[in-house]
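This report concerns only the one structure given below.
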Amino acid sequence: MIANPKLEPQQDLSTEDSSSVRVKAIKAVHRIINGTQERVGKKVKLTFKSIAKEAQISPTELLEGFSDVMDYVQSLKHQPESRVTPHAVNARNRCNDAIDRILEGNPLTISKSANLNVANVAKEADIDDSYIYQALPDILNRVHELKKGQVFGNKETNALLVKTLDQMIQDGREITVKNVCRAAGLNKSFDNAIRKTYPDVHKKIREAIHKQSVEKRALERTELLAAIERLKTGKPVNVDPLPKGFLLSIKKLMQESGIHESTIARYHKDIADICLNTRIESNEYSWVISDEEREKLGGAPNVRLNFGSIEQCWMRDAAKEFITSCMMSRSSSTLQSNLQALRMFSEALNEIHPNIEPNKIDRKIITDVLFLWRKRDVTTSTIKRRMSALRQFFEWCIETGAVKFQSVVLMKDTDYPKIEKTLPRFIPEKVMAQLNANIDGLSPPVMRLFLVLQEVGMRISECIGLKYDCIYPDKDGDYFIKYYQFKMKKEHVVPISKELVSVIKEQQASVIEDFNKKLAILFPTPPLQNCKKRRYVRAGKTWSQGTLIKHLNVLAKERSITGEDGEIYHFSFHPFRHTVATRMINNGVPQHIVQRYLGHETPTMTSVYAHIMDQTLKKEFASFQGKMVDNNGKVYEAEEVVTSLAEGLDANELDNQWLKKNIAVQSLPNGLCSLPIVQGGCPHANACLTCPNFRTDHRYLPQHKAQLNKTEKIIATCKANGWQRQLEMNETLKQSLVNIIEPLEAVNNDS
């Protein structure tokens, strides 16, 4: 074991430059030994890499500035008491004399063939070698200087490595320790031994690697700057020219230069910054919606509205005015969708009627455009959305007089394609079960976000825009979540489970830990990526939707989350919302309650879910409003519950409590369960009669009586065969059935 060596005042390192590698390394070693490390974990071992990390220097710097740091660590393990104390005034002289004797080949203590190193000097001088490292930097430097001319290890192998290295440099081959060893014909295990056994050769290899790296980065930089110039001037070689209004990105630069984006971000940060910084600028062809504007509008973050692809000047000018007029009432995603429709219209006009003026555009030309659209490989629903946006543009132009067309009526209702009605694309329960079993494979912030998304059923833009203080309790201690629905332009409040409350509180604590303060949003992009090495460009801002869904689909691939067809399941955001609605419908929740929970404006928006499982809709949820009992025989009056909920509450709060009461149940064949529906299936399968969440009424008396009769027969069989455990279980079940049947019969007789 290494003792806890403390630097004594006589061993003060302050006389040496505190920025020196040796001083940093020694202090780092002592912090790790004493358990006061700042950069590495508490249980880390004293290794070369851990010392470099704690000292905040690179391993290469540590190797060059203090190559025998591990010898110093070794010297701390055993410090014989018989040696001269570090306070001896003649320690320096003793070391110098010892070095001279070793060089002359006449040492008194060690072997005459011993190599010159710190450990041998310490033995010969009868001084602790740790003291030399700590207090005698001049002796340390003298030893290192004298060692420079030495040939280490086997002389023939040493010469072979040097010759191989020189030949590789001459041939222009990539220099690494591994490549040199392989080229010299040495075995694989030799790679790890070369640093310690052949330090002189190792140093030459590192110098060659550094020189080669400098030359490589210089060539990369030249190519990157040339690629930027080609992209800016519209004369790229490997990619299509950037359309007007499109801005430079690292990805485009990578494709043009052939240099990977990670290399650009790591070794050419100034060039990467050029790409990143240009994204925030707006010009006559491209408008960038800032995060502040996006919070007002809603929709996806980091939105750019590009007008450069609209070739007709009259249409481009009108498009800018039209999009500006839509900004007060549309989300940023809708603005992008509307603009895409105008770009498609511009492209179609160029194809069939180039250089046409607006006063020549009539109904015939529009039908030609729509025919061309339908020939494209685009879904019918997308075509319908683009047509709606184009019709809005025409109506706005006619209303404002911004553009005058030949015809007043350019589009009709009959132009819209018929869309085949399809069921909502919910996520199968099999897939949800796999996801939740493997959700710990996501980084904690991403995991918490998807837990919120799959319970509350909000849209992804609403989820990533959640305010930090988005939850609050009522007088009963039950929690609600409040969020803004950008699509409906209103705030929405729904009840949530206690488990989700814990998740959100954990995320709130994580935000404070990452940023040392509360932020405006609950789910900011964290400072560091999951590897804890690379920083997120959007740190502190809302998550990029593309990054989030990429995390989830990478998890699906890594953990083999498969769909019903056996293939890797591909996730998207909106099916989570459909899944919540589907679960509620499947559990017998009336359509108007699902509508209220999801925040739909009209029943039509919710009615699509009503086709999922028709058999569940045959059970009237409203019939549960009569007297109910639990498995202890306690009678519940719905009117009493409503009255107690309403006391001291305003209209809005009462509405929230009504929603809480109605979604906090799910139907069973013989009653209902108060476990929240949005959490999925019951974790206590076949144990409803002994579960505190179970509720039932008089309609299920025949089933309860039949089950009681069957249970009594089972009890008799258990007694006859001496099955004690089964007997106890069924006795408990019988008592629950008796507790249920007696009050229900009394209620039935009274009525």
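Residue numbers (the numbering used here): 312 to 1062.
Beta carbons: idealized from backbone N, C-alpha and C, even for Gly.
No experiment lies behind these values; they were computed from the predicted model shown.
Query	Result
Sequence-distant residues of the same chain with beta carbon closer than 8 Å to Glu372, five excluded per side	Val332 and Ala363
Distance, Val891 Cα to Lys631 Cα	39 Å
Distance CB(Thr1028)-CB(Leu1044) smaller than 8 Å	no
Endpoints, alpha helix (DSSP H) assigned at Val814	Lys809 to Phe826
For Phe791: DSSP bridge partner residues	Tyr783 and Pro806
Minimum C-alpha distance to Leu471 - residue among Thr693, Ile505 and Ser500	Ile505
First through last residue of the alpha helix (DSSP H) which encompasses Ile337	Val332 to Asn345
Burial state of Ala820 (16 or more Cβ within 10 Å)	exposed
Contact belief for Tyr779 with Leu830 at Cβ below 8 Å, rounded distance in angstroms	6 Å
6 Å Cβ shell around Phe887 - same chain, five flanking residues per side excluded	Leu764 and Gln765
Residues that DSSP places opposite Asn617 in a beta bridge	Ser597
Under the three-state DSSP convention, the category Gln348 falls into	coil
Under 8 Å between C-beta atoms of Val804 and Lys786	no
Simplified DSSP assignment, three categories, for Phe884	coil
Proximity winner among Arg484, Ser718 and Asp581, relative to Ile561 (alpha-carbon distances)	Asp581
Contact under 8 Å by Cβ, Ser1047 with Leu1012	no
N- and C-terminal bounds of the alpha helix (DSSP H) containing Arg403	Ala402 to Glu415
Assigned secondary structure, Ile1026 (DSSP; H/G/I helix, E/B strand, else coil)	helix
Distance, Gln566 Cα to Val550 Cα	7 Å
DSSP beta-bridge partners of Pro835	Thr853
Buried versus exposed call for Leu414 [16 or more other C-beta atoms within 10 Å across all chains shown]	exposed
Coarse secondary structure for Val687, derived from DSSP in three states	It is Arg, not Val, that sits at residue 687 in the sequence shown. Three-state DSSP puts Arg687 in coil, outside helix and strand.
Cβ-based burial, Gln1035 [other Cβ within 10 Å; buried from 16]	exposed
Opposing strand residues paired with Arg846 [DSSP bridges]	Leu839
Nearest-angstrom beta carbon gap, Leu646 and Ile634 [assumed within contact, 8 Å]	6 Å
C-alpha gap between Val395 and Asp437, whole angstroms	Note on Val395: pLDDT 47, under 50, position unreliable in the model; no value is reported.
The segment 440-449 touching the segment 402-409, judged by at least three CB pairs closer than 8 Å	yes
Among Glu740, Leu746 and Phe834, the one whose alpha carbon lies nearest that of Arg759	Phe834
Gln856 to Ser883 span [Cα, whole Å]	10 Å
6 Å Cβ shell around Lys489 - same chain, five flanking residues per side excluded	Asp502
Neighbour-count burial assignment, Asp876, 16 or more Cβ in a 10 Å radius	exposed
Segment limits, alpha helix (DSSP H) that includes Asp477	Lys466 to Asp482
Buried or exposed by the 16-neighbour rule on C-beta atoms within 10 Å, applied to Tyr783	exposed
Span of the alpha helix (DSSP H) around Val491	Val488 to Ala494
Buried versus exposed call for His881 [16 or more other C-beta atoms within 10 Å across all chains shown]	exposed
Residue span of the alpha helix (DSSP H) that contains Thr533, given as start and end	Pro510 to Lys543
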